[in-house]
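Have a look at the structure below, then the notes.
Numbering (the numbering used here), first residue to last: 15 to 127.
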């Protein structure tokens with residue numbers, strides 16, 4: 015990142031457009047910067063390619079009820095609406111009536127995505 019750092023310290027931003035370099039803001043580019051760019055073009059392209067490759071990796075997604083599928087929300091609601099009034103079901107000990115056990119299994123097996 016040494017080549018990019020030099021240009022960033024000079025207040026310049028460098029982007030890749032295809033196989034070309036785009037340096038902004040243009041009014042800050044001096045003759046020395048132009049010479050540096052021509053001498054270090056390959057290094058700059060390699061650094062920008064490496065930075066872009068790191069961004070292509072998928073980000074870790076956090077699944078919450080706010081982003082869940084409608085099927086998951088329906089299964090959750092059915093389970094909890096049964097669980098609260100049912101006198102036979104007691105979740106802290108894992109005790110469920112047959113209907114509660116079926117609803118819990120469906121809730122557990124439904125994908126959030």
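We put the beta carbon where it would ideally sit given N, CA and C, even for glycine.
Considering only 111, 81 and 76, the residue with the shortest C-alpha distance to residue 93 is 111. Under the DSSP assignment, residue 38 falls in the beta strand (DSSP E) whose first and last residues are 34–38.
Put simply, the backbone Cα of residue 108 is about 58 Å away from that of residue 28. Annotated three-state conformation of residue 104 is strand, per DSSP.
The Cβ-Cβ distance between residue 38 and residue 85 does not fall below 8 Å. Put simply, the backbone Cα of residue 90 is about 24 Å away from that of residue 74. Annotation: the stretch 55–99 contains the following complete segments of the alpha helix (DSSP H) (minimum length 4 residues), in chain order: 55–69 and 84–97.
With fewer than 16 neighbouring CB atoms inside 10 Å of its own CB, residue 42 falls in the exposed class. Rounded to the nearest angstrom, the gap between the Cα atoms of residue 36 and residue 122 is 51 Å. Around the beta carbon of residue 87, fewer than 16 other beta carbons sit within 10 angstroms, so the residue counts as exposed.
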